[in-house]
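Data block below; observations after.
Numbering (the numbering used here), first residue to last: 2 to 145.
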């Protein structure tokens, strides 16, 4: 299987749209999330959508380029790091995203609003770096 650059680029464009929408609410804090269910749902849905794209891209690269089929989201991120697709620094920031995504999607243990607020602010800082590092990796594959 071959990495489909156009597929990844399309997903990253979608990712940028999600990040732009999430950034509209960057001033929303834990208190606001507790008081405004509509804003909370927007943030939660945006985080789910962003995580889904991250893991779609991750799985595509690992399967198509490396023949690796991780069993968990966390394994996917670790394998990206091990294969130098993403930096150790970015990996340390993204660790836990798979579990957080599952909590949001499946409502495991209820939803801790403080955790949502914390992951939201972290995502605003970290998600753009993911896109940059994936684009850098794609560019490096053109010259390899």
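We put the CB at the ideal spot given by N, CA and C, even for glycine. Since this is a predicted model, take the numbers as computed values, not measurements.
- Contact check for residue 16 against residue 132 passes: the beta carbons are separated by less than 8 Å.
- Note on residue 78: 16 or more other CB atoms within 10 angstroms of its CB, so buried under the neighbour-count rule.
- Take the alpha-carbon of residue 122 and the one of residue 89: they are about 20 Å apart.
- Nearest to residue 98 by C-alpha distance, out of 48, 129 and 68, is 48.
- By the neighbour-count definition (other C-beta atoms within 10 Å, threshold 16), residue 70 is an exposed residue.
- Across the structure, residue 74 and residue 103 are spaced so that their CA atoms are roughly 10 Å apart.
- Taking C-alpha positions only, residue 18 is separated from residue 45 by approximately 15 Å.
- Rounded to whole angstroms, the gap between the alpha carbons of residue 11 and residue 30 is 31 Å.
- Just measuring C-alpha positions, the residue of 13, 24 and 67 sitting nearest residue 135 is 13.
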